[in-house]
Amino acid sequence: MAGDPPLVSIRGLCKSFGDVPVLHEVGLAVQRGQVVTIIGPSGSGKTTLLRCINLLETYDAGSITIDGVEVGYRDEGNRRVRRSERELAPIRAETGMVFQMFNLFPHLSALQNVMLGLVKVRRMPRPQAEALAAGWLERVGLGDRLRHLPSQLSGGQQQRVGIARAVAMAPKLLLLDEITSALDPSLVDEVLAVVRTLAEEGRTMILVTHEMAFARNVSDRIVRMAQGRIVADGPPASV
Ligand code: ADP
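Below, the structure written as structure tokens:
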């Protein structure tokens, strides 16, 4: 809703790799239930921005808050202190990320891949985690593939396991980084259909994609990046 504080608020975000600046004063606010797509040329900083939000990268200056919590730093008196890995784990669990290369554990079945975070991070009893994971795999159309290893699944199926794994954790925010780029074109639609359903359910998502027709259709806003800066931000028709 307009007027509500944004779920995600990014202000003045700066990030360099060594002395190469990659993000310059990036600012972005995402309301609850919004779907925001980030576009822009290769190397413009899209993935780095998502990785900062999910704390896979540290950032040098500025702030990222999710539901009011500064993700990378805590205040200690009047000093800003980078959070330790231990402090980051529960904060990171509020954000689900799906990657271009699936990143499933190859020696674990589809079911075990989805259960892992529920048991290890959410500390859910195994029977409950198994039921929840199986339910999510059914929702993404893989109810008959629970015991398959990633190598026994198509790319589109593996990516749907990746999505089930992310949403099963009930994150406040989903980050999808070019999740169809590594797929055979014939498998793209089955993955996008799952994303569309999640968007229609009102999940808050930030996605990076080159599927422009899909982005126009599913996004509330499109943000264009160039050379580490946001250069346009508005409804799909305007960007
Ligand atoms: P995009 O997702 O828009 O293609 P990236 O965020 O992947 O852009 O990359 C932005 C810039 O940061 C690029 O110039 C890239 O080479 C550089 N970069 C990304 N990751 C690293 C890293 N781990 N170390 C050094 N440079 C990096």
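Converting from the sequence shown to this note's numbering requires adding 3 to each position, the first position being numbered 1. Here a beta-carbon is modelled for each residue, glycine too, at the ideal position from N, C-alpha and C.
- Under DSSP, C55 forms no beta bridge with any residue.
- Under DSSP, the beta-bridge partners assigned to T98 are L176.
- The nearest non-hydrogen atom of ligand 1 is less than 7 Å from the C-beta of K49.
- Ranked by how close their Cα comes to the Cα of S87, the residues E60, P8, R224, T98 have E60 in first place.
- Contact between A136 and V124 is absent: CB atoms are separated by about 13 Å, not below the 8 Å threshold.
- Residue ranges of uninterrupted beta strand (DSSP E) with 3 or more members, entirely inside the segment 145 to 208 and ordered along the chain, are 176 to 180.
- The C-alpha of L152 lies about 16 Å from the C-alpha of G144.
- Taken in chain order, the unbroken stretches of beta strand (DSSP E) that lie wholly in the segment 7 to 34 and span 3 residues or more are 11 to 20, 23 to 33.
- In this structure, G15 keeps its C-beta atom at 8 Å or more from the C-beta atom of T207.
- With a 10 Å radius around the Cβ and a threshold of 16 neighbouring Cβ atoms, D187 comes out exposed.
- Put simply, the segment 229 to 236 does not touch the segment 171 to 187. Fewer than three CB pairs are less than 8 Å apart.
- Inclusion of V11 and A202 in the CB contact set at 8 Å is not warranted, their separation being larger than that value.
- When distances are taken from the beta-carbon of F217 to the heavy atoms of ligand 1, even the shortest one reaches 7 Å or more.
- The alpha-carbon of N81 is positioned some 18 Å away from that of G71.
- Distances taken from the Cβ of G46 to the heavy atoms of ligand 1 include one shorter than 7 Å.
- Secondary structure note for V122: its alpha helix (DSSP H) is the uninterrupted segment 113 to 123.
- By the Cβ neighbour-count rule, S154 is exposed, with fewer than 16 other Cβ atoms within 10 Å of its own.
- Closest by C-alpha distance to Y62, out of V84, G75, V221, E90, is G75.
- Here S45 is exposed. Its C-beta has fewer than 16 other C-beta atoms within 10 Å.
- Comparing alpha-carbon positions, the option among D78, E73, K18 lying closest to T50 turns out to be K18.
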